[in-house]
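Colleague: Shown below is the structure under consideration.
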Amino acid sequence: GGQKVRIAMIGGGYVGLVSGACFAEFGINVSIVETNPERLSALRDGRIPIYEPGLDALVASNSQAGRLTFGDDIAQAVTGAEAVFIAVGTPPRNGDGAADLQYVHAAARQIAEALTGYAVIVTKSTVPVGTSRRIAEIIRQTRPDADFDVASNPEFLREGSAIGDFMRPDRVIIGLDQRLPERASRAEGVLRQVYRPLSVVEAPLLFTGLETAELTKYASNSFLAMKISFINEMADLCEKLGANVHDLARGMGMDKRIGRDFLQPGPGYGGSCFPKDTLALSRIAQEAHSACRLVETTVQVNEARKAGMAGRIAAACGGSVAGKTVGVLGLTFKPETDDMRESASIPILHRLAEAGATIRAYDPVGMAAAKPLLPQDVVYCTDALEVAEGADVLVVLTEWNMFRALSPAELAKRMRNGVIVDLRNIFDPTAMRAAGLTYESVGRP
Ligand code: NAD
Ligand code: UDX
């Protein structure tokens, strides 16, 4: 109908802010609730607290149009909202790797207190199986009179391409309590309306049970992580056997059953999702007296890979980095983000520093977030060429596009010893060697 949909988004981090702004762009009235005072005041002043391409403009235009508002008053946001999305963090709990649900549970209690009329409470955060039912219980306990349903709607966006991923998703998964078909169909109606604009891009909505939706998110992320660990092991094998991992990945990927995406070798996957969600799935399986041994192994393979990269850099320097100057290009876990969570650069730089290297580094947007996580004496440079100045070895850790354009001759001129360790395979080996550089990459002869 012509009536305007209203939603509340609890949490204005990566997921809450991106999905809130995208829903507003669809014409929905969105109130984002954020409790972190610095984040909130930034958002209210029109400053975006995270780096995500296109997000500034999207937030600005929808704020101006009055469809997107920010506040810390959950009652105000929830009043009149047909759907309330929970997009707060679920970091790994110290000790066992299980997801820490304290923020989700706190949000459920706050929502319960604020409910006025019927609303669907939608979990967008990545949460263990059973959490949506637990949220329903918390709300019922807090407000026995509340009229609501719960839904699980995991988010599949990637940082760096978050807006495009949200607006043109491969699918939208919506879990409902299928044991109560009448209630489920009422909630389904609300969520179909919220996601209606996606029918333009023919994004399928897949309705499942609550448990299945929750588990699908972990299964998808763990499968992708497994694909990356697989190609990383193939890259090692290619190096031993004189094969080329890119041709191998192309050859495998042409088989539609395998697919060509997520077969790019590198220093090991990082970010706020894969490391945490693989651990959480292993934990979920153990608690269910089952096992996901492939996922457990994926976690181990990836940890070992990140830890082993410093040794690889030392080997390229003739066995040790002691007394050597190591230049590092890229610090974030992937390009087009300022997110440093679980970046391979963290264990690699700490190991290099412990081994006695002098480290110079540059990242186009991640240096502020990187500083508290990296060794104290890292020298931060203003660009890539400054990093190369006097370096014995130059290591590519993140494949920012601007690094692809670097001239091999310019690098060779500035470096003390021209050794390049390209852990993202962004350079052409022939061009690097023609400039007199010693060039090593991943899985290429
Ligand atoms: P984040 O830490 O960037 O953002 C969470 C925000 O919620 C923070 O700003 C925090 O201050 C706020 N918050 C916490 N409790 C609150 C409350 N009670 N009321 C209002 N605000 C509150 O986290 P994120 O990266 O956006 O991730 C959120 C969830 O989405 C996680 O479960 C994550 O696994 C999942 N997820 C993340 C990504 C990603 O790429 N970052 C992708 C898909 C799914
Ligand atoms: C991931 C999922 O892709 C997304 O669907 C989910 O919602 C959140 O988690 P994100 O962590 O933002 O997204 O980035 P992604 O592009 O998946 O990369 C994760 C890590 O894997 C990065 O460190 C990246 O460098 C690495 N990676 C990715 C590889 O090493 N090789 C690849 O082929 C792909």
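Position one of the sequence shown corresponds to residue 1 (the numbering used here), numbered consecutively onward. For each residue, glycine too, the CB sits at the ideal point set by N, CA and C.
Is G271 near ligand 2, with its Cβ less than 6 Å from a heavy atom?
Modeller: It does: the Cβ of G271 is within 6 Å (strictly closer) of some heavy atom of ligand 2.
Colleague: Would you say I163 lies against chain B (beta-carbon separation less than 7 Å)?
Modeller: The structure shown has no chain B; it contains just one protein chain.
Colleague: Per DSSP, what are the beta-bridge partners of P92 in this structure?
Modeller: Answer is A99.
Colleague: If you measure from the CB of A98, is any heavy atom of ligand 1 nearer than 6 Å?
Modeller: Not under cutoff, so the answer is no.
Colleague: Expressed to the nearest angstrom, what Euclidean distance is found between the alpha-carbon atoms of V379 and L394?
Modeller: In a straight line, the C-alpha of V379 is about 14 Å away from that of L394.
Colleague: Alpha carbon to alpha carbon, how far is P169 from G1? Give it in angstroms, no decimals.
Modeller: Reliability of the predicted coordinates at G1 is poor, the pLDDT of 44 falling under 50, and no value is obtained from them.
Colleague: Out of E182, A83, E386 and R341, which has the shortest C-alpha to C-alpha gap to L373?
Modeller: When each option's Cα is compared against that of L373, the closest is R341.
Colleague: Kindly indicate which three-state DSSP category G327 falls into: helix, strand or coil?
Modeller: Strand.
Colleague: Starting from the C-beta of R424, find all residues in its chain whose C-beta is less than 6 Å away, skip the five residues before and the five after it, and write them out in chain order.
Modeller: G266, V396 and E399, listed in sequence order.
Colleague: Below 6 Å, is the gap between the Cβ of G436 and the nearest heavy atom of ligand 1?
Modeller: Checking every heavy atom of ligand 1 against the Cβ of G436, none is found closer than 6 Å.
Colleague: Using the C-alpha atoms, what's the distance from R416 back to F223?
Modeller: Rounded to whole angstroms, F223 to R416 spans 42 Å at the Cα level.
Colleague: Is it buried or exposed, A322, if we count other Cβ atoms within 10 angstroms and call 16 or more buried?
Modeller: Exposed: under 16 other Cβ atoms inside 10 Å.
Colleague: Taking a contact to mean a Cβ-Cβ separation below 7 Å, would you say A280 touches A99 in this structure?
Modeller: For A280 and A99, yes; Cβs fall inside 7 Å.
Colleague: Looking at C-beta atoms only, is the number of pairs between the segment 119–128 and the segment 213–227 that lie closer than 8 Å three or more?
Modeller: Yes: the two stretches touch, three or more of their Cβ pairs being nearer than 8 Å.
Colleague: Kindly confirm or deny that the segment 103–123 and the segment 272–290 touch, where touching means at least three C-beta pairs closer than 8 Å.
Modeller: Output reads no: the segment 272–290 does not touch the segment 103–123.
Colleague: When you compare only the Cα positions, how much space is there between I86 and I10?
Modeller: About 5 Å.
Colleague: With respect to 6 Å, is the separation between the Cβ of N62 and the closest non-hydrogen atom of ligand 1 below this value?
Modeller: Outside the cutoff, so no.
Colleague: Could you pull out every residue in the same chain whose Cβ sits closer than 6 Å to the Cβ of M309, ignoring the five residues on either side in sequence?
Modeller: These residues qualify, in order along the chain: P267 and I348.
Colleague: Can you tell me whether V18 is helix, strand or coil according to DSSP?
Modeller: Of the three classes helix, strand and coil, the one that applies to V18 here is helix, per DSSP.
Colleague: Tell me whether N62 sits in a helix, a strand or coil according to DSSP, three-state version.
Modeller: The answer is helix: DSSP assigns N62 an H, G or I state.
Colleague: Ignore the nearest five residues each way along the sequence and tell me which others in I42's own chain have a CB closer than 8 Å to its CB.
Modeller: Per the sequence shown, residue 42 should be read as Ala rather than Ile. Closer than 8 Å at the Cβ level, and outside the excluded window around A42, lie I48 and P49.
Colleague: Where DSSP assigns a beta bridge to G268, which residues make up the other side?
Modeller: Note: G268 sits in no beta bridge, so no partner.
Colleague: On the DSSP bridge list, what partners appear for L68?
Modeller: DSSP lists V30 as partners of L68.
Colleague: Pull up the distance between the alpha-carbon of G418 and that of N153, whole angstroms please.
Modeller: The straight-line gap from Cα to Cα measures roughly 50 Å.
Colleague: Out of V326, C381 and D338, state which residue places its alpha-carbon closest to the alpha-carbon of E354.
Modeller: Minimum Cα distance to E354 is reached at V326.
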